[in-house]
Amino acid sequence: MVAQILDGKNLAKKIQSRLQADIEKQVAIKNRRPGLAVLMVGDNPASAVYVRNKEKACQKIGMESFGKHFPDTVSQEELENVIEELNCDRNVDGILVQLPLPEKFDAVGLLHKIAPEKDADGLHPENLGKLVRGEKGLRSCTPAGVMEILADNNIDLEGKKAVVVGRSILVGKPLALMLLEKNATVTIAHSRTENLAAITREADILIAAVGKPEMITADMVKPSAVVIDVGINRLETEDGKGYLVGDVAYEQVKEVASYITPVPGGVGPMTVAMLLQNTYDSYLNRVEKN
Numbered sequence: 001m002v003a004q005i006l007d008g009k010n011l012a013k014k015i016q017s018r019l020q021a022d023i024e025k026q027v028a029i030k031n032r033r034p035g036l037a038v039l040m041v042g043d044n045p046a047s048a049v050y051v052r053n054k055e056k057a058c059q060k061i062g063m064e065s066f067g068k069h070f071p072d073t074v075s076q077e078e079l080e081n082v083i084e085e086l087n088c089d090r091n092v093d094g095i096l097v098q099l100p101l102p103e104k105f106d107a108v109g110l111l112h113k114i115a116p117e118k119d120a121d122g123l124h125p126e127n128l129g130k131l132v133r134g135e136k137g138l139r140s141c142t143p144a145g146v147m148e149i150l151a152d153n154n155i156d157l158e159g160k161k162a163v164v165v166g167r168s169i170l171v172g173k174p175l176a177l178m179l180l181e182k183n184a185t186v187t188i189a190h191s192r193t194e195n196l197a198a199i200t201r202e203a204d205i206l207i208a209a210v211g212k213p214e215m216i217t218a219d220m221v222k223p224s225a226v227v228i229d230v231g232i233n234r235l236e237t238e239d240g241k242g243y244l245v246g247d248v249a250y251e252q253v254k255e256v257a258s259y260i261t262p263v264p265g266g267v268g269p270m271t272v273a274m275l276l277q278n279t280y281d282s283y284l285n286r287v288e289k290n
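Going by the UniProt record's numbering, the final residue of the sequence shown carries number 290, and the count climbs one at a time with no gaps.
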């Protein structure tokens with residue numbers, strides 16, 4: 001048996017096409033276009049690529065982009081002031097601070113400054129609190145993207161054993177809550193989990209989000225499990241060329257699993273799609289209130 005590929009790239013395209021059509025309907029009835037502001041500090045090459053992809057995605061679907069790029073000499077106070085201005089800007093519906101930031105910055109402090117209703121990344125304590133309580137709110141983009149992939153492929157979660165390897169506030173913790181919301185039985189494992197392989201082998205749904213290249217091997221996977229790889233790790237060949245791998249040893253695990261996400265082309269594109277979806281949802285709430 002070879003696993004069926006869960007194609008996040010094509011699903012992300014479908015979501016973006018739907019958003020593009022929805023935005024044009026809003027424009028046709030004389031509403032403004034939704035707007036997203038991505039703030040980037042410094043010259044981290046990976047961050048620059050991610051920001052560029054987000055800005056291109058905005059342009060493609062007809063969403064206004066209010067991106068702001070700052071040198072790493074900018075101060076915490078200056079960034080906080082920019083966020084406050086964007087909070088008050090009626091044309092901005094989503095605000096995102098591109099992580100990681102240079103070490104001197106208090107990233108959590110900046111995230112707390114974003115108005116919860118404009119928190120496009122779903123990381124404000126108010127939105128995370130709504131997730132804990134099962135209330136409607138903006139959801140963290142990468143975990144929301146994982147849930148969309150599972151739903152689009154009609155993968156039943158009710159009563160299933162789900163193991164999330166990774167406990168970050170970006171992915172592991174919110175994803176565990178989203179799986180619980182769908183009545184899965186959830187275990188969170190991490191770097192200090194004893195006998196990790198014994199736990200992952202029990203999973204009907206196994207999600208790897210640890211940032212360690214090809215850590216999940218075939219012997220750690222239950223036959224016919226659904227495997228979701230959130231990791232994106234850059235490795236180099238002997239001649240210095242870079243290539244991407246996930247947290248899952250894909251070539252091995254695809255021979256054991258029933259479904260698997262590739263890297264690249266799996267969860268990654270869905271993160272951007274859900275960022276756009278969050279911004280559009282925020283926009284709709286604001287347009288309807290006005």
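Beta carbons: idealized from backbone N, C-alpha and C, even for Gly.
With contacts defined by Cβ atoms closer than 8 angstroms, residue 92 and residue 159 do not form a contacting pair.
Within the segment 156-190, complete beta strand (DSSP E) segments of at least 3 residues are found at 161-165, 185-189, given in chain order. Note on geometry: alpha-carbon atoms of residue 98 and residue 111 lie some 10 angstroms from one another. In this structure, the CA atom of residue 211 is about 22 angstroms from the CA atom of residue 41. The beta-bridge partner set that DSSP reports for residue 94 consists of 36. Rounded to whole angstroms, the separation of the alpha carbons of residue 245 and residue 234 is 6 angstroms.
With 16 or more neighbouring CB atoms inside 10 Å of its own CB, residue 119 falls in the buried class. For residue 209, no alpha helix (DSSP H) encloses it, and the DSSP letter there is neither H nor E. Taking C-alpha positions only, residue 156 is separated from residue 204 by approximately 10 angstroms. When only Cα atoms are considered, residue 163 and residue 131 end up about 19 angstroms apart. Within the same chain, 157, 160, 162 come within 6 angstroms of residue 184 by CB-CB distance, once the 5 residues on both sides are set aside.
Counting C-beta atoms within 10 angstroms of its own C-beta, residue 278 has 16 or more neighbours from the protein chains shown and is therefore classed as buried. The segment 215-228 and the segment 183-200 touch, with no fewer than 3 CB-CB distances between them shorter than 8 angstroms. Cβ contact annotation for residue 15 (same chain, cutoff 6 angstroms, sequence separation greater than five): 273, in chain order. The Cβ neighbour count for residue 247, taken over all protein chains shown within 10 Å, is at least 16; the residue is labelled buried. The segment 143-151 makes contact with the segment 1-16, as at least three CB pairs between them are under 8 angstroms. Judged by beta-carbon spacing, residue 207 lies within the 8 angstroms limit of residue 230, meaning their Cβ atoms are closer than that value. Where residue 228 is concerned, the enclosing beta strand (DSSP E) starts and stops at 226-229. Under DSSP, residue 68 shares a beta bridge with 39.
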